[in-house]
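Heads up: the sequence lines are chains G and E, in that order. Each step along the first sequence adds one to the number in the working numbering, with nothing skipped, and position 144 is 144. Each step along the second sequence adds one to the number in the working numbering, with nothing skipped, and position 13 is 366. Just so it is clear, CB atoms sit at the ideal spot from N, CA and C, and this is done for glycine as well.
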Amino acid sequence: MTTDPDTTTLRARRVDLGASEDEAEAMFERGWTDGLPVVPPTPERVARMLTGTTRAPDEIVAVVPPNLVECSVEKVAINAVLAGCRPEYLPVVLAAVEAACTDTFNMHGLLATTWFSAPVVVVNGPITRAIGMNSGVNALGQGNRANATVGRALQLVVRNVGGGRPGEVDRATLGQPGKYTFCFAEDEVGSPWEPLHVSRGCAPEESAVTLFPGESPRGLADQLGRSADHLANSFAAALRTVWGPKAVIAFDALVVVSPEHARVFRESGWTRARLVEELDNRLQIPGAELVRGAGGIAEGVDPSLRDTTIPKFPPGGLLVVHAGGGAGFFSAIVGGWAAGAMGSDPVTRVVGD
Amino acid sequence: MARVVLDPTAETAPATRERTPRPAALTGLTVGLLDISKHRGDVFLDRVAEHLTAAGHTVARFRKPTFTKPAPIDLRHEIATKCDVVIEALAD
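Structure follows, in structure tokens:
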């Protein structure tokens with residue numbers, strides 16, 4: 001038996017459902033879902049969700065695009081209920097909303113673009129174990145409640161609070177399934193490297209989210225490479241096709257290195273920084289291969305760049321994360337979106353209480 | 354028994370503002386041409402500017418810093434102050 005929580009302090013508009021109205025259908029009809037059923041956000045459920053944070057319900061978390069609406073902790077909690085979160089996930093959702101709504105991450109542009117990208121949420125630190133996130137078998141797939149609902153809650157905040165809906169401000173040509181949810185934890189325990197959030201300036205005992213503007217993951221198999229050099233060559237060849245085989249400098253990529261590939265890098269003594277440097281070295285591309293028309297492909301850079309060498313990715317454009325099940329010499333590449341000040345840069349945010 | 358749920362939206366219908374009436378003719382008006390900084394948008398706007406100028410209209414050119422973000426408020430204000438009508442070029 002749980003004690004009924006106090007719902008009197010909640011400020012959101014109360015919507016009466018008709019006596020004969022089906023709850024699930026009522027959520028669809030009001031436009032509050034992403035196309036999948038949601039949990040009706042009753043005042044009791046929202047009050048219980050708010051026990052997951054010490055923050056006041058009326059505190060403003062972020063200004064959410066595209067309508068630039070001030071979003072309170074309570075509104076995030078309502079959408080976390082819709083998404084199916086447990087109260088202990090709420091601090092992760094709050095951090096993800098904060099990170100998404102920065103000028104650096106540029107959620108507005110990410111939403112409005114015709115490209116495939118969605119906010120990919122990588123979670124690090126003790127909270128991933130505390131709330132039971134999946135960083136192992138099928139880490140990027142279905143089946144784990146925290147992974148599934150944290151990413152979904154962020155998308156529902158953008159939809160419901162920000163007003164960002166497909167076919168309206170969301171102009172994606174094709175979109176991708178990760179726009180329902182794309183959230184996973186890094187496997188820190190089995191990683192050959194320091195956790196991603198530590199590489200990005202956080203303390204190991206802190207928990208953090210890192211948001212990346214990503215398209216769908218694509219598989220990268222290399223089952224024979226047993227040296228870091230071999231694998232780096234494979235990775236670089238695959239990374240070269242991000243956005244298009246002749247696109248350079250304008251897009252980032254996230255590389256999710258699986259445990260079997262990570263073991264090779266560990267045995268070769270490669271740090272995360274070394275891996276990124278080695279990939280960058282292999283992705284300095286002669287202009288002659290990139291100019292318009294080269295390779296029978298109309299796309300390309302200006303012919304005046306024929307005699308130059310151009311890096312595939314801008315400096316700092318590669319993020320490397322460790323996750324996945326123990327079997328399979330397969331890693332994943334998640335292509336990014338317009339990089340840097342003209343578009344979006346990854347943002348890391350510490351998860352509070 | 355009535356059931357109650359809490360509204361997950363911003364609870365604010367977007368403020369509707371009246372659009373300026375469409376002018377019958379461009380005579381004596383200033384036409385703003387807004388380049389959103391997307392590839393080849395300038396090609397289209399250059400041509401539009403040629404036509405408008407040849408027809409004796411006043412043209413003012415503007416450019417967003419990046420197509421991925423909304424136009425800065427100062428730019429929007431400048432366009433609203435200087436122009437009577439605006440043509441914005443998308444591209445791709």
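With DSSP collapsed to three states, give me the class of LEU405 (chain E).
Numbered from 1 along the second sequence, position 52 holds the residue referred to as residue 405 (chain E). Helix, per DSSP.
Going along chain G in order, which residues have a C-beta closer than 7 Å to the C-beta of LYS422 (chain E)?
Residue mapping note: residue 422 (chain E) aligns to position 69 of the second sequence, counting from 1. Under the 7 Å cutoff, chain G gives ASN106, HIS108 and GLY109.
Going along the region 107 to 131 of chain G in order, which residues come within less than 9 Å of chain E, judged by CB to CB distance?
HIS108, GLY109, LEU110, ALA112, THR113 and THR114
Counting only runs of 4+ residues fully inside the region 274 to 342 of chain G, write out the alpha helix (DSSP H) ranges in chain order.
none
For GLU215 (chain G), which option in G:PHE184, G:LEU254 and G:PRO41 has the closest C-alpha, if you only look at C-alpha atoms?
For the purposes of this step, residue 215 (chain G) is taken as residue 215 along the first sequence, with counting starting at 1. Ranking the options by Cα distance to GLU215 (chain G), first place goes to G:LEU254.
Report buried or exposed for THR42 (chain G), applying the criterion of at least 16 other Cβ atoms within 10 angstroms of its Cβ.
Mapped onto the first sequence, residue 42 (chain G) falls at position 42. It is buried - the Cβ of THR42 (chain G) has at least 16 other Cβ atoms within 10 Å.
So which residues on chain E does ILE78 (chain G) lean against when the C-beta distance must stay under 8 Å?
Here residue 78 (chain G) is taken as the residue at index 78 of the first sequence, counted from 1. Neighbours of ILE78 (chain G) on chain E, chain order: LEU359, ASP360 and PRO361.
With a cut-off of 8 Å on the beta carbons, I'd call VAL301 (chain G) and VAL248 (chain G) a contact; round off their distance for me.
The sequence position of residue 301 (chain G) within the first sequence is 301, counting from 1. The sequence position of residue 248 (chain G) within the first sequence is 248, counting from 1. Going by Cβ atoms, the distance from VAL301 (chain G) to VAL248 (chain G) rounds to 7 Å, so yes, they are a contact pair.
Give the DSSP bridge partners of GLY219 (chain G), in chain order.
By 1-based counting over the first sequence, the position of residue 219 (chain G) is 219. According to DSSP, which records beta bridges pairwise, GLY219 (chain G) is partnered with G:ALA332.
Find the residues of chain E that neighbour ARG14 (chain G), judging by a C-beta separation of less than 7 Å, and give them in chain order.
In the first sequence, counting from the first residue as 1, residue 14 (chain G) sits at position 14. VAL357 and LEU359, listed in chain order.
Are the CB atoms of GLU23 (chain G) and PRO5 (chain G) within a distance shorter than 7 Å?
On the first sequence, residue 5 (chain G) is found 5 positions in, with the first residue counted as 1. On the first sequence, residue 23 (chain G) is found 23 positions in, with the first residue counted as 1. Result no, Cβ atoms of PRO5 (chain G) and GLU23 (chain G) do not sit closer than 7 Å.
Going straight from the alpha carbon of ALA408 (chain E) to that of VAL396 (chain E), what length do you get?
Counting from 1 along the second sequence, the entry for residue 408 (chain E) is found at position 55. Counting from 1 along the second sequence, the entry for residue 396 (chain E) is found at position 43. Straight-line Cα distance between these residues: approximately 19 Å.
Classify ARG438 (chain E) as buried or exposed, calling it buried when 16 or more other Cβ atoms lie within 10 Å of its own Cβ.
Taking the first residue of the second sequence as position 1, residue 438 (chain E) is located at position 85. Arg is not the amino acid found at residue 438 (chain E); the sequence shown has Val there. Exposed, since its Cβ has fewer than 16 Cβ neighbours within 10 Å.
Name the chain G residues that come within less than 7 Å of GLU403 (chain E), Cβ to Cβ?
Reading the second sequence from its first residue, position 50 is the one you call residue 403 (chain E). Those do not exist, as GLU403 (chain E) stays about 24 Å from chain G at its closest Cβ, beyond 7 Å.
Counting contacts by CB-CB distance shorter than 7 Å, is VAL150 (chain G) in contact with chain E?
Within the first sequence, the letter at position 150 stands for residue 150 (chain G). No, no contact with chain E.
Taking VAL15 (chain G) as the reference, which of G:THR8, G:HIS197 and G:ARG30 has the closest Cα?
Along the first sequence, read from residue 1 onward, the residue named residue 15 (chain G) stands at position 15. Nearest of G:THR8, G:HIS197 and G:ARG30 to VAL15 (chain G), Cα basis: G:ARG30.
Of all Cβ atoms in chain G, is any one closer than 7 Å to the Cβ of THR419 (chain E)?
As a first step, residue 419 (chain E) is located in the second sequence; it is residue number 66 there, counting from the start. Judged by the 7 Å Cβ criterion, THR419 (chain E) is in contact with chain G.
Is any beta-carbon of chain E found at less than 7 Å from that of PRO41 (chain G)?
As a first step, residue 41 (chain G) is located in the first sequence; it is residue number 41 there, counting from the start. Judged by the 7 Å Cβ criterion, PRO41 (chain G) is in contact with chain E.
Are ASP222 (chain G) and PHE329 (chain G) close, meaning C-beta to C-beta below 7 Å?
Within the first sequence, numbered from 1, the residue matching residue 222 (chain G) stands at position 222. Within the first sequence, numbered from 1, the residue matching residue 329 (chain G) stands at position 329. Yes; because the gap between Cβ atoms is below 7 Å, this pair is in contact.
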